[in-house]
Amino acid sequence: QVQLQESGPGLVKPSETLSLTCTVSGGPIRSSSHYWGWIRQPPGKGPEWIGNIYHSGPTYYNPSLKSRVTVSVDTSTNQFSLKMYSVSARDTAIYYCARHIHTGSWPVDNWGQGILVTVSS
Amino acid sequence: QSALTQPASVSGSPGQSITISCTGSSRDVGGYKYVAWYQQHPGKAPKVVIFDVSERPSGVPDRFSGSKSGNVASLTISGLQAEDEADYYCSSYTSINTLLFGGGTKLTVL
Chain U
1261 QVQLQESGPG LVKPSETLSL TCTVSGGPIR SSSHYWGWIR QPPGKGPEWI
1311 GNIYHSGPTY YNPSLKSRVT VSVDTSTNQF SLKMYSVSAR DTAIYYCARH
1361 IHTGSWPVDN WGQGILVTVS S
Chain W
19 QSALTQPASV SGSPGQSITI SCTGSSRDVG GYKYVAWYQQ HPGKAPKVVI
69 FDVSERPSGV PDRFSGSKSG NVASLTISGL QAEDEADYYC SSYTSINTLL
119 FGGGTKLTVL
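The listed protein sequences derive, respectively, from chains U and W. Sequential numbering from 1261 applies to the first sequence in the working numbering. Sequential numbering from 19 applies to the second sequence in the working numbering.
This is the structure:
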């Protein structure tokens, strides 16, 4: 059974870079049936899609975050990563790594447990 | 791009049916058969209950069904059960290769 696990700091200072890694276990990240991505959810609010990547490289980003975000994949370690630059308090949220099925609505069929990232000095 | 529009709350009694709407535009909900619905219990990650408008993942009860008309997608839960009480979110693929979520609907089972 495939499992996803986020790792990274839970506290980031304003204007700095948020870096998270998702380790995929129990199955290959090099899957033709899936995209890999990041979704965040501020406390008490709805989810916000950040971006997706396919194992062979095409990436897709939320236009409102595109200028500050990079999603990358490392097939050798079965991990994918998120970097968000110049963060502010508005970026405080639970960050989930996610596996999307490669079909029209990109449904997420597997979620990490989520990591709360707080942006504060 | 603005979030998809959902009612803030709906409620129903056990055994009844409820419907949650999700309103978008021709650039997302109305343009494709690519809407998904998620159920989220407190402190848990969301769980997909419907994808591609009306497809149900294995393991999801057939009490959950989805449909779409124009720019409005709908999730119907029939035979309400206490465990259905949760937050529900819609999402849609968009014309610019992105994913858009709704603001969420809190379902209360009376």
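Glycine included, C-beta positions come from ideal geometry on N, C-alpha and C.
| Check | Outcome |
| --- | --- |
| Below 7 Å on C-beta distance, what does residue 120(W) contact in chain U? | 1306 |
| Taking only beta-carbon atoms, is residue 106(W) less than 8 Å away from chain U? | no |
| Tell me whether residue 1300(U) sits in a helix, a strand or coil according to DSSP, three-state version. | strand |
| Name the residues in the stretch 65-85 of chain W whose C-beta lies less than 9 Å from a C-beta of chain U; which are they? | 65, 66, 68, 69, 70, 71, 73, 75 |
| Just the C-alpha distance for residue 85(W) and residue 1275(U), rounded to the nearest angstrom, thanks. | 43 Å |
| Quick check: is the beta carbon of residue 124(W) nearer than 8 Å to any beta carbon in chain U? | no |
| Does residue 34(W) get closer than 8 Å to chain U when you measure Cβ to Cβ? | no |
| Helix, strand or coil for residue 65(W), going by three-state DSSP, please let me know. | strand |
| Among all the DSSP beta bridges, which residues are the ones paired with residue 73(W)? | 69(W) |
| Apart from the five residues just before and just after residue 71(W), which ones in its own chain have a Cβ nearer than 8 Å to its Cβ? | 51, 52, 53, 84, 85, 86, 91 |
| List the DSSP bridge partners of residue 121(W). | DSSP output for residue 121(W) lists no bridge partner at all. |
| In whole angstroms, what separates the C-alpha of residue 1286(U) from that of residue 1334(U)? | 16 Å |
| Which stretch, first to last residue, makes up the beta strand (DSSP E) that contains residue 128(W)? | Note, residue 128(W): premise wrong, no beta strand (DSSP E); not H, not E. |
| Could you confirm whether any beta carbon from chain W is found closer than 8 Å to the beta carbon of residue 1365(U)? | yes |
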